[in-house]
Amino acid sequence: MNYESFYKYSLEQPEDFWREQASRIDWYEKPQVVLGKDENGYPLWFPDGTLNMCYLTIDKHIADGHGNDIALIYDSPVTQTVKKYTFNEVKTEVAKLAGGLQALGFGKGDTAIIYMPMIPQTAFAMLACARIGVIHSVVFGGFAPHELAVRIDDCKPKVIITASSGIEIDRLIAYKPLVDEAIEVAEYKPEKVIVLNRKLGARVPFKKYDVDYGALVYGSEEADCVPVESHHPLYILYTSGTTGKPKGIVRDTGGYATALLFSMKYIYDSAPGETFWAASDMGWAVGHSYILYGPLLNRNSTVIFEGKPVRTPDASTFWRVIADHKVRVMFTAPTAIRAIKKEDPDGLLIKNYDLTCLKYQFLAGERCDVPTLEWYRSHIPVPVIDHWWQTESGWPMLANQMGLEPLPIKPGSATKPVCGYDIRIFNEAGQELPAGEEGLVVIKLPLPPGNMLGLWENEARFKAGYFSKFEGYYLAGDGGYKDTDGYCYITGRVDDVINVAGHRLSTADMEEAVSTHHHVAECAVVGINDELKGQVPFGFVVLKAGDDSPPFKIEHEIVQLVREQIGAVASLRSIVVVQRLPKTRSGKILRKLLRAIVDGETFALPSTIDDEAIIGEIQHALAKYRREQVS
Numbered sequence: 000m001n002y003e004s005f006y007k008y009s010l011e012q013p014e015d016f017w018r019e020q021a022s023r024i025d026w027y028e029k030p031q032v033v034l035g036k037d038e039n040g041y042p043l044w045f046p047d048g049t050l051n052m053c054y055l056t057i058d059k060h061i062a063d064g065h066g067n068d069i070a071l072i073y074d075s076p077v078t079q080t081v082k083k084y085t086f087n088e089v090k091t092e093v094a095k096l097a098g099g100l101q102a103l104g105f106g107k108g109d110t111a112i113i114y115m116p117m118i119p120q121t122a123f124a125m126l127a128c129a130r131i132g133v134i135h136s137v138v139f140g141g142f143a144p145h146e147l148a149v150r151i152d153d154c155k156p157k158v159i160i161t162a163s164s165g166i167e168i169d170r171l172i173a174y175k176p177l178v179d180e181a182i183e184v185a186e187y188k189p190e191k192v193i194v195l196n197r198k199l200g201a202r203v204p205f206k207k208y209d210v211d212y213g214a215l216v217y218g219s220e221e222a223d224c225v226p227v228e229s230h231h232p233l234y235i236l237y238t239s240g241t242t243g244k245p246k247g248i249v250r251d252t253g254g255y256a257t258a259l260l261f262s263m264k265y266i267y268d269s270a271p272g273e274t275f276w277a278a279s280d281m282g283w284a285v286g287h288s289y290i291l292y293g294p295l296l297n298r299n300s301t302v303i304f305e306g307k308p309v310r311t312p313d314a315s316t317f318w319r320v321i322a323d324h325k326v327r328v329m330f331t332a333p334t335a336i337r338a339i340k341k342e343d344p345d346g347l348l349i350k351n352y353d354l355t356c357l358k359y360q361f362l363a364g365e366r367c368d369v370p371t372l373e374w375y376r377s378h379i380p381v382p383v384i385d386h387w388w389q390t391e392s393g394w395p396m397l398a399n400q401m402g403l404e405p406l407p408i409k410p411g412s413a414t415k416p417v418c419g420y421d422i423r424i425f426n427e428a429g430q431e432l433p434a435g436e437e438g439l440v441v442i443k444l445p446l447p448p449g450n451m452l453g454l455w456e457n458e459a460r461f462k463a464g465y466f467s468k469f470e471g472y473y474l475a476g477d478g479g480y481k482d483t484d485g486y487c488y489i490t491g492r493v494d495d496v497i498n499v500a501g502h503r504l505s506t507a508d509m510e511e512a513v514s515t516h517h518h519v520a521e522c523a524v525v526g527i528n529d530e531l532k533g534q535v536p537f538g539f540v541v542l543k544a545g546d547d548s549p550p551f552k553i554e555h556e557i558v559q560l561v562r563e564q565i566g567a568v569a570s571l572r573s574i575v576v577v578q579r580l581p582k583t584r585s586g587k588i589l590r591k592l593l594r595a596i597v598d599g600e601t602f603a604l605p606s607t608i609d610d611e612a613i614i615g616e617i618q619h620a621l622a623k624y625r626r627e628q629v630s
């Protein structure tokens, strides 16, 4: 079946379409109802089915005779460790931890926070919770105590599972003191804290609520899988909100399992038994969907990577992991590729590794600029596939579905809507726009399986934030347009569109132009306040490693480049060369923070920032730039 007919089937007969996909899941009780509604009228998939995610990802494969196949590959360049776990070994670890949780009095419907680094025990903890119906909330390891406390007060976990430390390149971060401080600050107090001592030298203060992870697992009986309803929350995942308070995205079990298995086959074209690597963190949506649950549902070997694309030890790390573990499909953020490109612009390190095992390179998390895509394709001859989705969706909404019908790649586009997603472009009045006109990205209800059930205990915010603007449609919060072939282009968050003297301009388009300059490794363009024009664009660029070109020359050339490609209306006059851009730990550039710094506004340091020292670097470079402008 080709893309057009399959996609059309998914929209015109959604219940038949998803009934067929759900039949690939091994249910305890097979659902008779495909699509229902919750008490608030929100679509609910497979409401009368029961299943268990841990069973589907581990026990089922053992029952099918694959217990000795490799399930997890732990690769940690920061500790110089590589360890592989079979499905049998994972089941033992998970079942005993689940038994320990039960012995402590925790069970179906309880919540748990998992605050750990990228180690196998993080996966074990998530699967152990899923095994007995405990709703897990993974918080990125190293988050500040205040941010952890906010999440404790919101989801009220009975238990926190943590480790003694994480490692950021060459820096040891003691987790236990951060957890203790968060509990002290929080109004709600968890009953227990389970601590895995990694024995790397970090301080591990003991509290009365502490339980040793190793002793708990050693002394516990293996727990069986507990059947849960399809709509039982598998997890809560917090994402940033416009009000400053994080939003707790709630994910179901049955719809999510169905959607992930669909995506592994039809989007990623990943065959059972192959190695799949999502170079992300378990604390993000990518980590949940494509480090853990998606690959294991599909019986893939999945890589848990504790390191960075550069400096662990150098820009060849990704290529080494691909070659060592015979990775067939890889998924990472464009930021990671840009970081590698900056350190190794000519791709010399790539030549040291046999990458013939690699079939596809998927990119997501932010818009992929054309130069980054072209650089990758010029050095590694595999399809480079940009695709788009959100924490809210849990799996891709736009993609080139490689397991269905690979379509021609158009640089800058995330290709076409994935089956089940009726994606449209609206103007502010709710009118659908023709091809070529940029507007608001919306999706007609019902959203397909796997999308969020809601926001944790906040129905009002759920409705107001996503469904109040256009009746019957989900508001994605991103801008975009379609071309005459139906390809979709995501231009960035709506608040990244600036108004220059009445002209609405996309900073993403300007970044696209800036990034074509041969000296630029990465860039960010933001809209800053201007008395005359309302807003004007302001650019930050990072030069390629070893580039010692005079900044004033680069700045002048970039201004001319943008003028030629976009026109004088773009008004980009200010370019500052910096050493690094402020980013989240998942690699997204903190543009709102950059705007505040340039405008001289007060700002709260984002909890997700990768390195606070970058703020001082940016402020210093900006001050120097302004002095030079005056002189």
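Residue numbers (numbering that gives the first Met the number 0): 0 to 630.
For glycine and all other residues, C-beta sits at the position ideal for the given N, C-alpha and C.
How far does the beta strand (DSSP E) with residue i in it reach, from first residue to last?
i	result
M125	Note, M125: premise wrong, no beta strand (DSSP E); alpha helix (DSSP H) at 119 to 131.
G411	From DSSP, G411 is part of no beta strand (DSSP E); its letter is neither H nor E.
P42	42 to 44
L291	Here L291 belongs to no beta strand (DSSP E), and DSSP marks it neither H nor E.
L34	34 to 36
A277	274 to 277
What residues are listed by DSSP as bridge partners for residue i?
i	result
D529	G533
G479	G438, I489
H135	A111, Y234
A523	F539
E167	R170
V192	I159, D209
E180	BP columns for E180 are empty, so no partner.
E431	F425
R250	Y234
K443	Y472
I72	K83, V302
K582	I588
Within the same chain, show all residues whose beta-carbon is closer than 8 Å to that of residue i, passing over the 5 residues directly before and after it, in chain order.
i	result
N457	K246, G247
F16	Y8, S9, C418, G419
D323	D74, V81
Per DSSP, what kind of secondary structure is residue i in: helix, strand or coil?
i	result
M451	coil
T241	Any reading at T241 must be qualified, since the residue scores a pLDDT of 48, below 50, and its modelled position is unreliable; the value itself is stated next. In the structure shown, T241 sits in coil (DSSP, three-state: anything other than H, G, I, E or B).
I61	helix
E305	coil
K623	helix
C53	helix
F86	helix
E554	helix
Q20	helix
V540	strand
V203	coil
R423	strand
A284	helix
T390	coil
L571	coil
V81	strand
S9	helix
T355	coil
Kindly indicate the opening and closing residues of the alpha helix (DSSP H) around residue i.
i	result
R590	590 to 598
L362	Taken as a continuous stretch (DSSP letters only), L362 belongs to no alpha helix (DSSP H), being part of the beta strand (DSSP E) at 359 to 362.
V513	506 to 513
I151	144 to 154
V383	Taken as a continuous stretch (DSSP letters only), V383 belongs to no alpha helix (DSSP H), being part of the beta strand (DSSP E) at 383 to 385.
I'd like the list of long-range same chain contacts for residue i, defined as Cβ closer than 6 Å, with 5 residues on each side in sequence excluded.
i	result
E511	D368
K468	L474
H231	T252
F631	This structure leaves residue 631 out entirely; the chain is present only between 0 and 630.
A632	Beyond the ends of the chain as shown, which are 0 and 630, falls residue 632; an answer cannot be given.
L439	F425
A620	V575, V577
Excluding sequence positions up to five away, which residues of its chain have a Cβ less than 7 Å from the Cβ of residue i?
i	result
L446	P42, Y473
Q31	D47
L452	H230, P232, V249, R250, D251
Q628	none
K59	D25
Unbroken stretches of the beta strand (DSSP E), 3 residues or longer, contained in the segment 302 to 352: If one requires a minimum length of 3 residues, the beta strand (DSSP E) runs lying completely within the segment 302 to 352 are 326 to 331, in chain order.
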